[in-house]
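Student:
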Amino acid sequence: GAVVSQHPSWVICKSGTSVKIECRSLDFQATTMFWYRQFPKQSLMLMATSNEGSKATYEQGVEKDKFLINHASLTLSTLTVTSAHPEDSSFYICSARGLASVTGELFFGEGSRLTVL
Amino acid sequence: LAKTTQPISMDSYEGQEVNITCSHNNIATNDYITWYQQFPSQGPRFIIQGYKTKVTNEVASLFIPADRKSSTLSLPRVSLSDTAVYYCLVGDIRETDKLIFGTGTRLQVFP
């Protein structure tokens, strides 16, 4: 099946720094990417939806200036957590939808665990 | 996406069949039913998708009654490695710009 890769898989940073997480579709063109955040023992929470070449649409309560999403190409979307704080520590997961997705199967990345000290 | 309701958790033993039911009373005509599996610290993995009646693949079966207001994921002869969280999503995933996950069902398989 199609592959979505996230990088880094885990990152530790100091409070106040910015962290960038990349999400790549390796063998298909992703017209739409979804970014999620997941806290321990909880479900995935949708943060934003990004379409290639357009500004991301953020869910209510998600600060667009803090979580910068760029979807500049059909194979790459990035999430930048700016001025990270300990409460931003979480598991971030991206999902990609292909250009010609027939069944509607979404492909998820492996996730990126962010720990802010 | 239509709101879904699943049991929070289920327990089973190795070798048993596990059935997880999802309620989706507000399912729309164009909506599909898709199930994902998630292991700790990993992204969700597609299991199966259906629109009506029964769908079977090498991993699971999906039963959908005629009114489509619910669906049942059936895992035959579970093993310890099937311990995971299972999510039911309802909607037209090809079109939607909002892919919302419900609480999911945490399945624990015991030896």
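Those protein sequence lines, which keep their order, are chains A and B. Each residue of the first sequence is one higher than the last, beginning at 1 in the numbering used here. Each residue of the second sequence is one higher than the last, beginning at 1001 in the numbering used here. Ideal placement from N, C-alpha and C gives every residue a C-beta, glycine not left out.
Any beta carbon of chain A sitting closer than 7 angstroms to that of residue 1105 of chain B?
Tutor: Answer no: the Cβ-Cβ gap between residue 1105 of chain B and chain A never drops below 7 angstroms.
Student: Which residue wins for smallest C-alpha separation from residue 1107 of chain B, given the options B/1011, B/1063, B/1021, B/1060?
Tutor: Out of B/1011, B/1063, B/1021, B/1060, B/1011 has the C-alpha closest to the C-alpha of residue 1107 of chain B.
Student: Could you spell out the range, first to last residue, of the beta strand (DSSP E) harbouring residue 70 of chain A?
Tutor: It spans 67-73 - the beta strand (DSSP E) in which residue 70 of chain A sits, taken as one unbroken run.
Student: If we count the other Cβ atoms within 10 Å of its Cβ and call it buried at 16 or more, is residue 61 of chain A buried or exposed?
Tutor: Residue 61 of chain A is exposed by the Cβ-count criterion.
Student: Indicate whether at least one CB of chain A lies closer than 7 angstroms to the CB of residue 1020 of chain B.
Tutor: Residue 1020 of chain B does not count as touching chain A.
Student: Rounded to whole angstroms, what's the CA-CA distance from residue 1080 of chain B to residue 1111 of chain B? Just pull it up for me.
Tutor: Those two C-alpha atoms are separated by around 7 angstroms.
Student: Whose Cβ in chain A lies nearer than 9 angstroms to the Cβ of residue 1023 of chain B?
Tutor: Those do not exist, as residue 1023 of chain B stays about 16 angstroms from chain A at its closest Cβ, beyond 9 angstroms.
Student: Is residue 52 of chain A helix, strand or coil when you go by DSSP?
Tutor: Coil.
Student: Using the beta-carbon of each residue, which ones in chain B are nearer than 9 angstroms to residue 95 of chain A?
Tutor: Within chain B, the residues near residue 95 of chain A are 1043, 1044, 1099.
Student: Based on Cα-Cα distance, which residue from A/16, A/41, A/76 lies nearest to residue 33 of chain A?
Tutor: When each option's Cα is compared against that of residue 33 of chain A, the closest is A/76.
Student: Determine, using beta carbons only, whether residue 1020 of chain B and residue 1083 of chain B come nearer to each other than 7 angstroms.
Tutor: It is not a contact, given that the beta carbons lie outside the stated cut-off.
Student: Could you work out which residues of chain A lie near residue 1102 of chain B, taking near to mean beta carbons separated by less than 7 angstroms?
Tutor: The answer, in chain order, is 43.
Student: Among A/51, A/30, A/22, which residue has its Cα nearest to the Cα of residue 96 of chain A?
Tutor: Of the listed residues, the one whose Cα sits closest to residue 96 of chain A is A/30.
Student: Given a threshold of 16 other Cβ atoms within 10 Å of its Cβ, counted over all protein chains shown, does residue 182 of chain A qualify as buried or as exposed?
Tutor: Residue 182 of chain A cannot be examined here, being either before or after the span of chain A that is shown, 1 to 117.
Student: By a C-beta neighbour count over all protein chains shown, 10 Å radius and 16 as the cutoff for buried, is residue 1087 of chain B buried or exposed?
Tutor: Burial call: buried.
Student: Under the three-state reduction of DSSP, which class applies to residue 122 of chain A: helix, strand or coil?
Tutor: Absent from the structure is residue 122 of chain A, since the part of chain A shown begins at 1 and ends at 117.
Student: Please list, in chain order, all residues of the same chain as residue 3 of chain A whose beta carbon is under 8 angstroms from its beta carbon, the five residues on each side excluded.
Tutor: For residue 3 of chain A, where only same-chain residues beyond five positions count, the Cβ hits under 8 angstroms are 25, 26, 27, 107.
Student: Grab me the residues of residue 18 of chain A's own chain with a C-beta within less than 8 angstroms of its C-beta, minus the 5 sequence neighbours each way, in chain order.
Tutor: Around residue 18 of chain A: 80, 81, 82, 83, 84.
Student: Just mark residue 67 of chain A as buried or exposed, buried being the case when its beta carbon has 16 or more other beta carbons within 10 Å.
Tutor: With 16 or more Cβ atoms within 10 Å of its Cβ, residue 67 of chain A is classed as buried.
Student: Does any residue of chain B have a CB that is nearer than 7 angstroms to the CB of residue 28 of chain A?
Tutor: Judged by the 7 angstroms Cβ criterion, residue 28 of chain A is not in contact with chain B.
Student: Thinking C-alpha only, which one of A/43, A/89, A/44, A/69 is nearest residue 55 of chain A?
Tutor: It is A/69 whose Cα lies nearest to the Cα of residue 55 of chain A.
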